[in-house]
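Remarks on the structure that follows.
Given below as structure tokens:
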């Protein structure tokens with residue numbers, strides 16, 4: 001021990017020095033006790049913006065002042081990008097994220113920012129509400145330090161720096177651009193280059209902008225900014241007062257009428273069937289004097305047209321919005337919707353939530369679109385703010401000549417409303433371009449006033465559709481089959497009733513060939529369903545004091561679903577790519593009460609147009625790009641019409657009618673076999689047949705594009721194509737494979753196989769029919785005794801289908817029915833025999849003989865394979 005004594009003073013000195021580097025306990029206590037700064041001192045050199053919540057800017061930071069009475073209260077919070085990338089599905093300005101309730105509570109010297117859980121409710125049941133609060137988790141957004149406190153008013157000021165983080169979840173959006181499988185190209189938020197943008201305070205809302213820099217050292221996709229390694233997005237966070245009109249009552253939704261709804265789990269009482277409660281998403285639209293047959297709206301919906309909307313489209317935009325007043329007038333409300341120009345007033349601000357706006361965007365490669373996404377109170381479904389955005393390229397439809405690479409029916413469930421509206425706009429632009437080409441060839445070219453009217457009605461049809469979303473209406477994709485061909489060919493009929501029963505339909509171009517009558521081209525007037533939906537959603541139910549009191553009346557109003565004029569079917573009902581959709585009446589861009597006849601009419605028209613394109617284009621002095629563009633528009637119409645018949649394969653008519661509704665059919669009725677066979681016949685003739693792909697060599701040799709590389713600019717300036725010509729064979733193969741893949745996917749095979757349990761033999765299509773019809777279509781020419789050659793497109797189809805049959809037999813997915821596997825094996829055996837016979841033909845050309853020998857080898861390998869088959873789980 002004595003030997004340690006010399007070291008003790010040294011150790012003591014070292015420990016003292018080490019401890020000196022830390023604040024003392026007393027000092028830490030003093031710091032903690034100091035707490036928030038006095039309010040007057042804190043704002044002495046700060047900029048204060050007074051509004052719903054006061055916004056304080058100081059030393060490059062933003063703070064929020066909240067009154068004591070506002071703590072624990074509910075606000076509505078949304079966010080939006082105010083700038084974008086000029087495309088890439090990055091939506092700039094006007095389209096808000098879905099609204100959330102946001103709440104601020106105090107915990108010691110901190111403010112806890114919370115998104116409370118609004119899915120669980122118990123109206124009128126305090127005990128159940130307490131159980132919910134005990135059981136259900138909320139989401140904590142941030143815990144922010146209190147910077148200052150006003151002892152006089154009890155208001156507190158807290159740091160808003162949490163808004164500089166990725167609350168908006170831009171990272172996920174950017175990942176969709178760069179690709180989820182490319183982590184090396186992912187963008188990350190650079191906090192060192194992120195700061196607050198402008199802030200605004202209004203009586204009912206406040207806006208705080210975050211200028212976020214997203215960095216990527218290896219960018220390979222985005223080329224629309226000066227330096228894609230660094231992109232600054234401005235995200236506007238909007239905190240608003242919830243609507244408190246005091247006279248709004250939620251309305252319970254009904255699956256027979258297409259309104260957006262807000263879904264909740266209700267614990268107020270034990271339900272007879274389900275706890276799920278759905279409130280209609282709608283405005284608080286009431287007559288100012290319900291005792292009169294007609295009175296002005298008590299709370300009118302007022303739109304302001306931004307001053308950046310081009311003059312030539314302002315009237316069409318205005319009409320498209322105001323068209324909905326006709327529906328409200330039928331329920332006794334006048335001037336329900338008003339449209340005003342943006343006032344020439346420097347104090348007017350589109351960010352003030354009291355104003356609903358229509359704004360014009362300028363993007364480079366978004367394709368052009370219009371979209372509306374209303375903001376509603378998550379607790380009640382009441383809409384209190386909406387905006388319409390219109391991209392300038394929506395009328396530049398020459399850019400959409402070659403969207404044949406896009407599956408016309410790919411957008412169903414699982415995609416955002418804005419993504420679906422982009423698709424809608426793209427397809428309608430393609431149809432507009434097709435209309436110009438077709439009318440030119442048919443001797444009715446659009447020019448001058450005729451072209452201006454065509455475009456004006458196209459714009460109005462876009463806006464009336466979006467304004468319907470603004471009122472809470474969903475898409476209605478069964479609205480195009482109620483009218484006959486003769487009615488659609490009548491200008492008087494279509495001018496009065498539209499080309500579909502609803503503007504919420506994805507209605508295309510109503511264009512008929514020579515020799516037919518011609519109605520209006522676009523859907524610019526409300527249809528019968530639109531009047532019905534507004535009546536159901538907004539007409540008052542007299543003497544009803546609770547949402548449940550309205551149900552008997554609403555049920556009666558919705559009971560006419562069986563009438564084709566009032567049917568409703570939405571996005572989930574057009575999910576044909578996954579085989580979820582089953583009712584062929586529910587489709588996009590089709591027409592008439594006989595859609596297959598419409599498809600055949602359009603396919604015949606396309607065939608006739610293809611043969612004359614090179615006689616019309618290019619015009620003197622123009623490049624051959626114009627002929628390529630015209631061909632693209634016509635081919636796009638072919639793809640649209642050729643896609644629809646597949647919907648009938650294994651189809652079943654689906655009814656939303658409830659038991660006891662007038663003229664209600666059973667929930668499921670199989671499509672008759674004769675109609676399915678007719679649909680397959682169209683596919684056989686216009687998709688799978690080699691004759692469908694025989695174009696004029698002269699035309700094909702003129703379908704080129706101009707090489708025009710720029711020194712600067714993104715892909716919008718120049719994008720080199722792999723080939724100078726148009727890859728028609730590749731286009732054909734893509735279309736054929738898509739149809740076959742749809743028809744032979746496991747869920748489709750399951751449904752077809754199960755139809756035998758629901759119908760007597762021969763009543764509807766069977767699984768055997770699918771294999772037999774396809775085999776005959778793809779390989780029928782092998783039995784021709786005069787066979788000498790098979791075309792390139794058909795050879796590719798035969799090779800691809802043989803490989804698909806081999807996969808079904810040898811390596812089926814676990815959900816493939818055994819019967820499908822058995823039929824695949826049987827077809828392979830039949831094909832082996834057919835190729836053997838075909839190879840005996842004496843005059844086969846060399847390429848066809850090589851193809852048949854290869855095909856025989858492809859077929860023999862799976863049939864001769866020796867393997868153990870696993871037991872199906």
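Residue numbers (the working numbering): 1 to 873. Yeah, the Cβ is synthetic: ideal placement off N, Cα and C, and Gly gets one too.
Beta-carbon proximity of residue 212 to residue 185, cut-off 8 angstroms: Cβ distance not < 8 angstroms, so residue 212 and residue 185 don't count as in contact.
On the criterion of 16 or more Cβ atoms from any shown chain inside 10 Å, does residue 785 qualify as buried, or is it exposed? Exposed.
Consult DSSP for residue 414 and reduce its assignment to one of helix, strand or coil. The predicted position of residue 414 is uncertain, since its pLDDT is 47 and thus under 50; no value can be drawn from it.
State the CB to CB distance for the pair residue 527 and residue 479, rounded to an integer number of angstroms; the pair is presumed to be in contact (CB under 8 angstroms). Residue 527 to residue 479, Cβ: 6 angstroms. Contact.
By Cβ distance below 6 angstroms, which residues in the same chain neighbour residue 857 in space, the five residues on each side in sequence not counted? Cβ within range, chain order: n/a, list empty.
Look at residue 574 and residue 587 and say whether their C-beta atoms are less than 8 angstroms apart. The Cβ-Cβ distance between residue 574 and residue 587 falls below 8 angstroms.
Taking only three categories from DSSP, how would you classify residue 706? In the structure shown, residue 706 sits in coil (DSSP, three-state: anything other than H, G, I, E or B).
Kindly confirm or deny that the stretch 64 to 76 and the stretch 215 to 228 touch, where touching means at least three C-beta pairs closer than 8 angstroms. The answer is no - the stretch 215 to 228 does not touch the stretch 64 to 76, with fewer than three Cβ pairs under 8 angstroms.
Three-way DSSP call (helix, strand, coil) for residue 232 in this model: Three-state DSSP puts residue 232 in a strand.
Own chain partners of residue 33 with C-beta closer than 8 angstroms, once the 5 adjacent residues on each side are dropped: A caution first: residue 33 carries a pLDDT of 49, below 50, which makes its placement in the model unreliable, though a value can still be read off. Hits under 8 angstroms: none found.
Based on the DSSP output, what are the partners of residue 214 in its beta bridges? The partner list for residue 214 (beta bridge, DSSP) reads 189 and 231.
Local conformation of residue 536 per DSSP, three classes: In this structure, DSSP gives residue 536 a helical state, which the three-state scheme calls helix.
Quick check on the burial criterion: 16 or more other C-beta atoms within 10 angstroms. Buried or exposed for residue 208? Note on residue 208: 16 or more other CB atoms within 10 angstroms of its CB, so buried under the neighbour-count rule.
So which of 506, 821, 688 and 850 has the shortest CA-CA distance to residue 835? By alpha-carbon distance to residue 835, the top candidate from 506, 821, 688 and 850 is 850.
Separation of residue 504 from residue 424, as counted between CA atoms: Their backbone Cα atoms lie some 11 angstroms apart in a straight line.
Burial state of residue 708, where buried means 16 or more other Cβ atoms lie within 10 Å: Classification for residue 708: exposed.
Please report the straight-line C-alpha distance between residue 158 and residue 60, rounded to a whole angstrom. Approximately 14 angstroms between the Cα atoms of the pair.
Helix, strand or coil, according to DSSP, for residue 73 in the structure here? Looking at residue 73 - three-state DSSP - the assignment turns out to be coil, as it is neither helix nor strand.
Which of the three DSSP states, helix, strand or coil, is assigned to residue 789? Note: residue 789 maps to coil in three-state DSSP.
Given a threshold of 16 other Cβ atoms within 10 Å of its Cβ, counted over all protein chains shown, does residue 846 qualify as buried or as exposed? Within a 10 Å sphere around the beta-carbon of residue 846 sit fewer than 16 other beta-carbons, which makes this residue exposed.
Compute the distance between the beta-carbons of residue 685 and residue 679, then report whether it is under 8 angstroms. With respect to the 8 angstroms criterion, residue 685 and residue 679 are not classified as neighbours on the basis of their beta carbons.
Whose C-beta lies closer than 6 angstroms to the C-beta of residue 236 among residues of the same chain, with five residues either side of it excluded? Excluding positions up to five away in sequence, the list reads 80, 82, 207 and 209.
Got a sec? Which residues, its chain only, sit under 7 angstroms from residue 313 by beta carbon, not counting five neighbours each side? These residues qualify, in order along the chain: 459.
In whole angstroms, what separates the C-alpha of residue 413 from that of residue 373? Because residue 413 carries a pLDDT of 46, less than 50, the predicted location of this residue cannot be relied on, and no value is offered for it.
Name the two residues that bound the continuous alpha helix (DSSP H) containing residue 494. From DSSP, the alpha helix (DSSP H) with residue 494 extends over 491 to 497.
Pick helix, strand or coil for residue 446, following the three-state DSSP scheme. In this structure, residue 446 counts as coil in the three-state DSSP scheme.
On the three-state DSSP scale, how would you describe residue 652? Strand.
Rounded straight-line distance, which links the Cα of residue 694 to that of residue 602: About 18 angstroms.
Within a Cβ cutoff of 7 angstroms, which residues of the same chain sit near residue 519, ignoring the five residues on either side of it in sequence? 488, 489, 490, 491, 493, 494, 499 and 510, listed in sequence order.
In the structure shown, what three-state DSSP assignment does residue 341 receive? Judged by DSSP in its simplified three-state form, residue 341 adopts strand.
Residue 256 by DSSP, collapsed to three states: which one? Coil at residue 256, not helix or strand.
Can you find the residues in the same chain that come closer than 6 angstroms, C-beta to C-beta, to residue 275, ignoring five residues on each side of it along the sequence? Around residue 275: 265 and 266.
Does DSSP classify residue 561 as helix, strand or coil? Reduced to three states, the DSSP call for residue 561 is coil.
What is the DSSP secondary structure of residue 505, counted as helix, strand or coil? Residue 505: coil per DSSP, three-state reduction.
Tell me residue 104's beta-bridge partners as DSSP assigns them. Bridge partners of residue 104: 113.
Would you be able to state if there are at least three C-beta pairs under 8 angstroms between the stretch 291 to 299 and the stretch 327 to 336? As far as the Cβ criterion goes, the stretch 327 to 336 touches the stretch 291 to 299, which means the pair count is three or higher.
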